[in-house]
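Residue numbers (the numbering used here): 981 to 1080. Glycine included, every Cβ here is placed at the ideal spot set by N, Cα and C.
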(Lines of atoms letter the chains of each structure in order from A and count residues from 1; the text may use other names and numbers.)
(Lines give C-alpha, C1' and ligand atoms only; values in the text may rest on other atoms or scores of the structure.)
Protein backbone atom coordinates (compact mmCIF):
# COMPACT_ATOMS: atom_id res chain seq x y z
CA UNK A 1 0.00 0.00 0.00
CA UNK A 2 1.16 3.55 -0.59
CA UNK A 3 0.76 6.63 1.56
CA UNK A 4 -2.07 9.04 0.90
CA UNK A 5 -1.01 12.26 -0.85
CA UNK A 6 0.63 14.87 1.36
CA UNK A 7 2.37 18.22 1.12
CA UNK A 8 5.98 18.62 2.18
CA UNK A 9 7.57 21.59 3.95
CA UNK A 10 11.37 21.71 4.22
CA UNK A 11 12.00 23.90 7.26
CA UNK A 12 15.33 25.72 7.49
CA UNK A 13 14.52 27.58 10.72
CA UNK A 14 12.35 26.95 13.76
CA UNK A 15 10.13 29.80 12.61
CA UNK A 16 9.29 27.71 9.50
CA UNK A 17 8.12 24.86 11.75
CA UNK A 18 5.98 27.17 13.87
CA UNK A 19 4.47 28.75 10.76
CA UNK A 20 3.63 25.34 9.28
CA UNK A 21 1.84 24.26 12.45
CA UNK A 22 0.06 27.59 12.74
CA UNK A 23 -1.19 27.16 9.19
CA UNK A 24 -1.96 23.43 9.18
CA UNK A 25 -2.53 22.60 12.87
CA UNK A 26 -3.17 18.92 13.59
CA UNK A 27 -2.86 18.07 9.89
CA UNK A 28 0.94 18.54 10.10
CA UNK A 29 3.57 16.13 11.42
CA UNK A 30 7.29 16.61 12.00
CA UNK A 31 9.60 14.24 10.19
CA UNK A 32 13.35 13.91 10.76
CA UNK A 33 14.23 10.33 9.89
CA UNK A 34 10.77 9.01 9.14
CA UNK A 35 11.55 5.52 10.41
CA UNK A 36 8.32 5.36 12.39
CA UNK A 37 5.99 7.69 10.53
CA UNK A 38 6.62 6.61 6.94
CA UNK A 39 5.75 2.92 7.45
CA UNK A 40 2.60 3.98 9.31
CA UNK A 41 1.67 6.24 6.40
CA UNK A 42 2.28 3.44 3.90
CA UNK A 43 -0.07 1.18 5.87
CA UNK A 44 -2.57 4.07 6.09
CA UNK A 45 -2.40 4.01 9.89
CA UNK A 46 -1.39 7.68 9.77
CA UNK A 47 -2.39 10.19 7.11
CA UNK A 48 -0.99 13.64 7.83
CA UNK A 49 -1.75 16.15 5.11
CA UNK A 50 1.57 17.96 5.62
CA UNK A 51 5.03 16.69 6.58
CA UNK A 52 7.43 19.22 8.05
CA UNK A 53 11.05 18.16 7.50
CA UNK A 54 13.32 19.53 10.25
CA UNK A 55 16.60 18.03 8.98
CA UNK A 56 17.86 21.35 7.61
CA UNK A 57 17.52 23.37 10.82
CA UNK A 58 21.13 24.03 11.87
CA UNK A 59 20.31 25.02 15.45
CA UNK A 60 18.90 21.53 16.13
CA UNK A 61 22.15 19.84 15.16
CA UNK A 62 25.52 19.57 16.84
CA UNK A 63 27.17 19.63 20.23
CA UNK A 64 28.21 22.71 22.20
CA UNK A 65 29.22 23.67 25.71
CA UNK A 66 28.29 26.87 27.51
CA UNK A 67 29.21 27.63 31.13
CA UNK A 68 29.92 23.96 31.81
CA UNK A 69 26.61 22.75 30.35
CA UNK A 70 26.73 20.31 27.45
CA UNK A 71 24.05 20.87 24.79
CA UNK A 72 23.26 18.10 22.32
CA UNK A 73 20.90 19.15 19.55
CA UNK A 74 17.85 17.01 18.83
CA UNK A 75 19.12 16.16 15.32
CA UNK A 76 22.65 15.23 16.39
CA UNK A 77 23.49 11.79 15.02
CA UNK A 78 24.78 9.01 17.27
CA UNK A 79 27.94 8.86 15.17
CA UNK A 80 28.73 12.46 16.16
CA UNK A 81 28.43 11.57 19.85
CA UNK A 82 31.07 8.89 19.38
CA UNK A 83 33.70 11.23 17.94
CA UNK A 84 32.96 14.61 19.53
CA UNK A 85 35.64 15.83 21.97
CA UNK A 86 33.14 17.74 24.14
CA UNK A 87 30.99 14.65 24.58
CA UNK A 88 34.06 12.56 25.42
CA UNK A 89 35.10 15.12 28.06
CA UNK A 90 31.72 15.82 29.68
CA UNK A 91 29.74 12.61 29.05
CA UNK A 92 32.15 9.75 28.31
CA UNK A 93 29.42 7.12 28.76
CA UNK A 94 27.55 8.64 25.81
CA UNK A 95 30.70 8.31 23.73
CA UNK A 96 30.98 4.65 24.68
CA UNK A 97 27.27 3.90 24.23
CA UNK A 98 27.05 5.58 20.83
CA UNK A 99 29.22 2.89 19.26
CA UNK A 100 26.82 0.09 20.22
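Nearest candidate by alpha-carbon position, reference residue i, set the options
i, options, result
"residue 1060", "1044, 984 and 1027", "1044"
"residue 1013", "1006, 1054 and 1077", "1054"
Proximal residues to residue i (C-beta, below 8 Å), its chain only, five neighbours per side dropped
i, result
"residue 1051", "1043, 1044 and 1045"
"residue 991", "997, 1000, 1032, 1033, 1034, 1036 and 1037"
Residue i versus residue j: straight-line alpha-carbon distance, rounded
i, j, result
"residue 1023", "residue 983", "7 Å"
"residue 1057", "residue 1011", "15 Å"
"residue 1067", "residue 1073", "9 Å"
"residue 1017", "residue 1035", "15 Å"
"residue 1039", "residue 995", "12 Å"
"residue 1048", "residue 1065", "14 Å"
Burial state of residue i (16 or more Cβ within 10 Å)
i, result
"residue 1063", "exposed"
"residue 1008", "buried"
Close-in-space but distant-in-sequence residues of the same chain around residue i (CB under 6 Å, 5 per side omitted)
i, result
"residue 1070", "1050"
"residue 1004", "1030"
Own chain, CB closer than 7 Å to residue i, minus 5 neighbours either side, in chain order
i, result
"residue 988", "1031 and 1033"
"residue 1020", "1026"
"residue 1079", "1062"
Cβ distance (whole Å) where residue i is taken to contact residue j below 8 Å
i, j, result
"residue 1029", "residue 1001", "Their Cβ separation, rounded to whole angstroms, is 12 Å, which puts residue 1029 and residue 1001 out of contact at 8 Å."
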